[in-house]
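Chemist: Could you have a look at this structure, given as structure tokens, before my questions?
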Amino acid sequence: MSDTALLVARDLTITGPAGDLVHGISFALQRGGTLGIVGESGSGKSLTCRSLLGILPPGVSVTGGSIEFDGRDITALGYRDWQSLRGTHISAVFQDPGSYLNPSITVGKQLAEVLRVKTGLGRRAATVRAVELLASLGLRDPALVSLQYPHELSGGMLQRVLIAIALCENPQVLIADEATTALDVTVQAEVLDVLADLRESRDLSLILVSHDLAVVAQVCDEVVVLRDGLIVEAGPTARVLSDPQHTYTRLLVENHARYGIERYTSELADA
Ligand SMILES: Nc1ncnc2c1ncn2[C@@H]1O[C@H](COP(=O)(O)OP(=O)(O)O)[C@@H](O)[C@H]1O
Ligand SMILES: [Mg+2]
1487 MSDTALLVAR DLTITGPAGD LVHGISFALQ RGGTLGIVGE SGSGKSLTCR
1537 SLLGILPPGV SVTGGSIEFD GRDITALGYR DWQSLRGTHI SAVFQDPGSY
1587 LNPSITVGKQ LAEVLRVKTG LGRRAATVRA VELLASLGLR DPALVSLQYP
1637 HELSGGMLQR VLIAIALCEN PQVLIADEAT TALDVTVQAE VLDVLADLRE
1687 SRDLSLILVS HDLAVVAQVC DEVVVLRDGL IVEAGPTARV LSDPQHTYTR
1737 LLVENHARYG IERYTSELAD A
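In my numbering, the protein residues as written are 1487 to 1757.
Below, the structure written as structure tokens:
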């Protein structure tokens, strides 16, 4: 694969107690690139992401192939090496951001605490930096937001807070696994815009995972279509959307088109 690739999976096989779950898949995330992984629920998207973060669930492991980050083989890193790579180089956000926050501490304090522990900033500097980070994620009143508790924030705001936490240590790669799935369409589009902006402003490379092709299409240059732990199709998003080669991809594109029409007609009905 090309030399500009930052993160490369080669013949990656992931195995659980009952057998293989991901069957030898290969893909590459280019430096500054955006790679979408799309597929139905259960197709192996999250396990693939977790393997890239060294956080596969108990009983599940990489049993074949390799993962390379910035030219370094990270397939078989030990716990400590993963600890030092995660957050600093490869970071992630998931669905249900609220569940990652302490309900009884303001989000600003939680963000500042992560900054303090992970980057060694003093308390005061961390508080200032937390507000700056929230501002950089397009939150309109970051100083106010930082003083609020998780339950006072909307899903879209919470996900921005989690993105801020994920970016504390300036990682090169951000993995967003169904990070906008629980949000309504408008807020989802806003958060996707934030991710696209971050790629520009921070030179971040993105892996965006969704069961929804429309989400991936909005942000990603390249897309991998996963089905039952196998890649059925991969390529530039525009090509895959306009000229899908595999029946399964064609189905995803058709569903997407139908969904788009439904959205349009329901907006007409609402007007
Ligand atoms: N901890 C686990 N132990 C055993 N099988 C698992 C585990 N986690 C996920 N799986 C199985 O692996 C497959 C892929 O799961 P997952 O990567 O979560 O799919 P997706 O994110 O695409 O919905 C599914 O068949 C799922 O049941
Ligand atoms: Mg998943």
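Ideal Cβ positions, reconstructed from N, Cα and C, are used throughout, including at glycine.
Keep in mind that this is a model prediction, so the values were computed, not measured.
(1) In terms of DSSP beta bridges, what is LEU1694 paired with?
(2) Please return the same chain residues whose Cβ sits closer than 7 Å to the Cβ of CYS1706, not counting the five positions on each side in sequence.
(3) Since LEU1533 and VAL1494 are thought to touch, with beta carbons under 8 Å apart, how far apart are those beta carbons, to the nearest angstrom?
(4) Out of ARG1602, LEU1538, ASN1588, state which residue places its alpha-carbon closest to the alpha-carbon of LEU1648.
(5) DSSP three-state call for VAL1546: helix, strand or coil?
(6) At a threshold of 6 Å, does SER1532 count as lining ligand 2 (C-beta to nearest heavy atom)?
(7) For ILE1780, collect the residues of the same chain with a Cβ closer than 6 Å to its Cβ; drop the 5 residues on either side in sequence, then sort them by chain order.
(8) Which first and last residues belong to the alpha helix (DSSP H) in which ALA1700 is found?
(9) Return yes when at least one heavy atom of ligand 1 lies under 6 Å from the C-beta of GLY1502, else no.
(10) Taking the CB atoms as reference points, tell me whether SER1696 and VAL1524 lie closer together than 7 Å.
(11) Would you give the residue range spanned by the beta strand (DSSP E) that ASP1497 belongs to?
(12) From what residue to what residue does the alpha helix (DSSP H) around GLN1814 run?
(13) If LEU1620 and VAL1603 are in contact, beta carbons under 8 Å, what's the gap, nearest whole angstrom?
(14) DSSP has ALA1759 in a bridge; who is on the other side?
(15) Can you give me the C-alpha to C-alpha distance between ARG1758 and LEU1669, rounded to a whole angstrom?
(16) Report whether the distance from the Cβ of GLY1721 to the nearest heavy atom of ligand 1 is below 6 Å.
(17) Rounded to a whole number of angstroms, what is the C-alpha to C-alpha distance between LEU1653 and THR1592?
(18) Out of VAL1579, TYR1635, ALA1612, point me to the one whose CA is closest to SER1590's CA.
(19) Spatial neighbours of LEU1690 within its chain, please: C-beta separation below 6 Å, excluding the five flanking residues on both sides.
(20) Specify, as a first and last residue, the run of the alpha helix (DSSP H) that ARG1517 falls within.
(21) Could you give the distance in angstroms between the alpha-carbon of ARG1572 and the alpha-carbon of LEU1597?
(22) LEU1737: buried (16+ other C-beta within 10 angstroms of its C-beta) or exposed?
(23) If I measure Cβ to Cβ from ILE1500 and keep anything under 8 Å in the same chain, skipping five residues before and after, which residues do I get?
(24) When burial is assigned at 16 or more other CB atoms within 10 Å of the CB, is GLY1540 buried or exposed?
(25) Starting from PRO1628 and walking both ways along the alpha helix (DSSP H), at which residues does that stretch end?
(26) Grab me the residues of HIS1732's own chain with a C-beta within less than 8 Å of its C-beta, minus the 5 sequence neighbours each way, in chain order.
(27) In terms of alpha-carbon separation, which member of ASN1741, VAL1680, VAL1614, VAL1739 lies closest to LYS1595?
(28) Cβ of LEU1507 within 6 Å of any heavy atom in ligand 1?
Modeler: Straight from the coordinates:
(1) Answer is GLY1522, ALA1662, bridged to LEU1694.
(2) Cβ neighbours of CYS1706 within its own chain (closer than 7 Å, five residues either side excluded): THR1520, LEU1521, GLY1522, LEU1694, THR1723.
(3) That pair is no contact at about 17 Å.
(4) The shortest C-alpha separation from LEU1648 is found at ASN1588.
(5) Here VAL1546 sits in coil by DSSP.
(6) Between ligand 2 and the CB of SER1532, the shortest heavy atom gap is smaller than 6 Å.
(7) The chain is shown from 1487 up to 1757; residue 1780 falls before or after that span and cannot be answered.
(8) In the DSSP assignment, ALA1700 falls within the alpha helix (DSSP H) that extends over 1699-1705.
(9) The closest heavy atom of ligand 1 lies less than 6 Å from the beta carbon of GLY1502.
(10) Cβ distance < 7 Å, so SER1696 and VAL1524 count as in contact.
(11) Element bounds for ASP1497: 1491-1502.
(12) Examination of residue 1814 is not possible in this model, given that the chain is present from 1487 through 1757 alone.
(13) Going by Cβ atoms, the distance from LEU1620 to VAL1603 rounds to 18 Å, so no, they are not a contact pair.
(14) An answer regarding residue 1759 cannot be provided, because it is not within the stretch 1487 to 1757 covered by the chain.
(15) The shown model of the chain, from 1487 to 1757, leaves out residue 1758, and the question about it has no answer.
(16) Residue side-chain check: GLY1721 keeps its Cβ at 6 Å or more from all non-hydrogen atoms of ligand 1.
(17) Going from the Cα of LEU1653 to the Cα of THR1592 covers about 18 Å.
(18) Minimum Cα distance to SER1590 is reached at TYR1635.
(19) If we look at LEU1690 and ignore the five residues flanking it on each side, its Cβ neighbours are LEU1660, LEU1684.
(20) For ARG1517, no alpha helix (DSSP H) segment is defined, and its DSSP state is neither H nor E.
(21) Cα atoms of ARG1572 and LEU1597: separation of roughly 17 Å, rounded to the nearest angstrom.
(22) By the neighbour-count criterion, in which 16 or more other beta carbons inside 10 Å mark a residue as buried, LEU1737 falls on the exposed side.
(23) Within the same chain, ILE1500 has close Cβ partners ASP1506, LEU1507, VAL1508, GLY1530, LEU1533, THR1534, SER1537, LEU1542, VAL1546, SER1547, VAL1548, THR1549, GLY1715.
(24) Of the residues assessed, GLY1540 falls on the buried side of the cut-off, its CB having 16 or more other CB atoms within 10 angstroms.
(25) For PRO1628, the enclosing alpha helix (DSSP H) covers residues 1628-1632.
(26) Within the same chain, HIS1732 has close Cβ partners VAL1711, VAL1718, GLU1719.
(27) The shortest Cα separation from LYS1595 among ASN1741, VAL1680, VAL1614, VAL1739 belongs to VAL1614.
(28) Inclusion of LEU1507 in the 6 Å shell around ligand 1 follows from its C-beta lying nearer than that to a non-hydrogen atom of the ligand.
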